[in-house]
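2 protein chains.
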Amino acid sequence: MALSHAIMTALIEDDMSGYELAKAFDASLGLFWHASHQQIYQELRKLADKGWLNRREVAQRGKPDKILYGLTLAGREALGEWVYRESRVQESKDDLLVKLYNLSAENIGHLRVEIGERREAMMQRLYLYERIRRGHYARPEVLPLRRQGVFLALRMGILAGEQYLAWCDEALDLLAREQEKRGPR
Amino acid sequence: MALSHAIMTALIEDDMSGYELAKAFDASLGLFWHASHQQIYQELRKLADKGWLNRREVAQRGKPDKILYGLTLAGREALGEWVYRESRVQESKDDLLVKLYNLSAENIGHLRVEIGERREAMMQRLYLYERIRRGHYARPEVLPLRRQGVFLALRMGILAGEQYLAWCDEALDLLAREQEKRGPR
DNA sequence: CTTTACATGTAACTCGTTACATGATTAA
DNA sequence: TTAATCATGTAACGAGTTACATGTAAAG
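Just so you know, the protein sequences line up as chains A and B, in that order.
Take the first sequence: its letter number 20 is residue 20 in the UniProt record's numbering, and every next letter is one higher.
Take the second sequence: its letter number 93 is residue 93 in the UniProt record's numbering, and every next letter is one higher.
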């Protein structure tokens with residue numbers, strides 16, 4: 001949808017190779033927008049063909065050569081314009097919700113376990129978010145404007161995560177009560 | 001990912017045509033899992049080929065003929081098993097977050113507007129959820145188990161929506177303060 | 001007379017995932 | 001010697017979107 005623009009965004013401050021991008025993505029934008037290295041390499045090539053990125057081969061010692069990509073002026077302009085265009089939300093699709101539509105006395109135990117695992121995974125993710133927040137965004141109001149935007153994205157992640165935990169607790173509660181009602185064990 | 005299973009789930013209680021499914025989807029599961037009619041028709045055909053659905057042509061008066069699909073025994077079994085299999089989350093991808101990474105003095109006004117629109121849209125969606133909740137899930141504890149699962153999915157929608165509103169307010173606040181700081185107007 | 005609801009599809013394309021492929025260096 | 005890190009790719013497939021196509025009946 002806008003992976004290309006996400007990639008360009010990641011290149012605003014530093015030039016990067018596909019490999020570096022894939023990692024940087026994992027640590028920042030990728031928290032909200034995952035992309036595999038295959039996708040990134042393909043997208044980088046397309047963007048270079050369009051003239052929005054330039055590529056420079058860089059020889060390295062003890063490591064394979066890499067290809068550094070950087071935003072061109074045209075790329076910066078395209079990105080700047082894009083912000084004004086209509087945006088889309090690809091709503092998340094979660095098997096778990098479909099499974100809940102199939103809740104039964106037989107599978108209730110399994111679903112409790114599954115929700116418990118989700119809870120645990122989200123706890124860990126929140127812990128990561130919190131470390132980032134404390135490390136880089138302790139005082140958002142003194143940051144440059146662009147960084148404040150990034151902070152807001154992080155806040156979205158944190159709030160969404162906390163909401164998710166709250167839902168898990170509510171769901172686990174309800175399911176525990178129901179399972180007890182209809183036959184403990 | 002699991003559109004096929006979402007479709008089978010929608011057919012647990014009533015047989016439906018592709019057209020009816022597309023509508024029912026919009027009103028229930030589709031609130032969390034959107035699917036276009038093209039996708040649904042294709043998926044129905046695949047499922048019928050697998051033997052998980054049966055098809056019956058039904059002549060109608062004053063309306064075009066339709067094809068009714070119903071879960072077969074094999075379909076019910078496959079669905080029951082699927083609940084125990086590993087589930088996936090397709091995390092939502094939202095252009096707005098990428099745009100926020102590009103926040104600048106120039107586009108801050110636009111982003112405030114865009115967030116305001118999101119807020120408004122989410123308010124309306126929450127209003128819809130609330131109507132459904134009051135209409136069908138006022139006392140979840142007395143519902144049959146399966147309906148309680150559906151209720152939990154609805155709760156997820158409600159909690160996520162409320163969290164989203166809270167984020168919008170926070171973001172609008174921060175952006176308003178920043179815009180005032182750097183040049184009112 | 002025009003729009004909306006009913007009803008089902010095909011074709012082309014983009015986006016994203018999975019599997020496969022290669023090859024050097026460094027640390028355990 | 002085995003695994004991990006660095007580095008870049010191709011090919012096949014599946015999921016999802018957009019555009020196109022057709023036709024009847026009821027309601028305004």
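Glycine included, every Cβ here is placed at the ideal spot set by N, Cα and C.
Identify whether residue i lies in helix, strand or coil by the three-state DSSP scheme.
| i | result |
| --- | --- |
| B/GLU106 | coil |
| B/GLY183 | coil |
| residue 267 of chain B | For residue 267 of chain B there is no data in the structure shown, the boundaries of chain B being 1 and 185. |
| A/ARG112 | helix |
| A/ILE132 | helix |
| B/SER17 | strand |
| B/ASP65 | coil |
| A/VAL58 | strand |
| A/GLY70 | strand |
| B/LEU53 | strand |
Do residue j and residue i come within 9 Å of each other at the CB atom, strictly closer than that value?
| i | j | result |
| --- | --- | --- |
| B/LYS99 | A/TRP82 | yes |
| B/LYS71 | B/LEU53 | One point to set straight first is that residue 71 of chain B is Leu, not Lys, in the sequence displayed. Their beta carbons are under 9 Å apart, which means B/LEU71 touches B/LEU53 by this criterion. |
| A/ALA6 | A/LEU29 | yes |
| B/GLY75 | A/GLU106 | no |
| B/GLU114 | B/LEU96 | yes |
| A/GLY116 | A/LEU159 | no |
| B/ALA78 | B/MET8 | yes |
| A/ILE108 | B/ASN102 | no |
| A/ARG133 | A/LEU154 | yes |
| A/PHE25 | A/ALA48 | no |
| A/HIS37 | A/ALA22 | yes |
Leaving aside the five residues before and after residue i along the sequence, list all residues of the same chain whose C-beta is less than 8 Å from its C-beta, in chain order.
| i | result |
| --- | --- |
| B/MET1 | ARG88 and GLN90 |
| B/MET156 | PHE32 |
Closer than 7 Å by C-beta to residue i: which residues in its own chain qualify, once you throw out the five before and the five after it? Chain order, please.
| i | result |
| --- | --- |
| B/LEU3 | ALA35, GLN39 and GLU43 |
| B/GLY161 | MET122, ARG125, LEU126 and TYR129 |
| B/GLU57 | ASP65 and ILE67 |
Among the residues of its own chain, which have a CB less than 6 Å from the CB of residue i, if the five just before and after it don't count?
| i | result |
| --- | --- |
| B/ARG182 | ALA105 |
| B/TYR137 | PHE151 |
| A/ASP14 | none |
| B/ARG55 | ALA48, ILE67 and TYR69 |
Quiz item: Counting pairs of Cβ atoms below 8 Å between the stretch 170 to 178 of chain A and the stretch 85 to 93 of chain A, do you hit three or more?
Solution: Contact between the stretch 170 to 178 of chain A and the stretch 85 to 93 of chain A is absent, because fewer than three Cβ pairs lie under 8 Å.
Quiz item: the stretch 144 to 164 of chain A: which residues have C-beta closer than 7 Å to a C-beta of chain B, in chain order?
Solution: So the close ones are LEU145, ARG146, GLN148, GLY149, VAL150, LEU152, ALA153, ARG155, MET156, LEU159, ALA160 and GLN163.
Quiz item: Counting Cβ pairs, one atom from each stretch, are 3 or more of them under 8 Å apart for the stretch 62 to 72 of chain B and the stretch 18 to 26 of chain B?
Solution: Judged by Cβ distances under 8 Å, the stretch 62 to 72 of chain B makes contact with the stretch 18 to 26 of chain B, as three or more pairs qualify.
Self-check item: Residues of the stretch 41 to 70 of chain A whose Cβ lies closer than 7 Å to any Cβ of chain B, in chain order
Solution: Answer set for the stretch 41 to 70 of chain A: empty.
Quiz item: Do the stretch 161 to 169 of chain B and the stretch 118 to 131 of chain B make contact, defined as three or more Cβ pairs closer than 8 Å?
Solution: Counting C-beta pairs closer than 8 Å gives three or more between the stretch 161 to 169 of chain B and the stretch 118 to 131 of chain B, which meets the contact rule.
Quiz item: Counting Cβ pairs closer than 8 Å, one from the stretch 133 to 143 of chain B and one from the stretch 149 to 156 of chain A, do we hit at least three?
Solution: They do not touch, by the three-pair rule.
Quiz item: Taking Cβ-Cβ distances below 7 Å as the criterion, which residues of the stretch 20 to 40 of chain A are in contact with chain B?
Solution: Residues LEU29, PHE32, TRP33 and HIS34.
Quiz prompt | Members of the stretch 81 to 104 of chain A near chain B, C-beta cut-off 7 Å | solution = Listed by position along the chain: VAL83, TYR84, SER87, ARG88, VAL89, GLN90, GLU91, SER92, LYS93, ASP94, ASP95, LEU96, LEU97, VAL98, LYS99, LEU100, TYR101, ASN102, LEU103 and SER104.
Quiz item: Along the stretch 7 to 18 of chain B, what residues have a CB closer than 7 Å to any CB found in chain A?
Solution: Result list: THR9.
Self-check item: Residues of the stretch 106 to 139 of chain A with Cβ closer than 8 Å to any Cβ of chain B, in chain order
Solution: Residues passing the 8 Å Cβ filter: GLU106, ASN107, ILE108, HIS110, LEU111 and GLU114.
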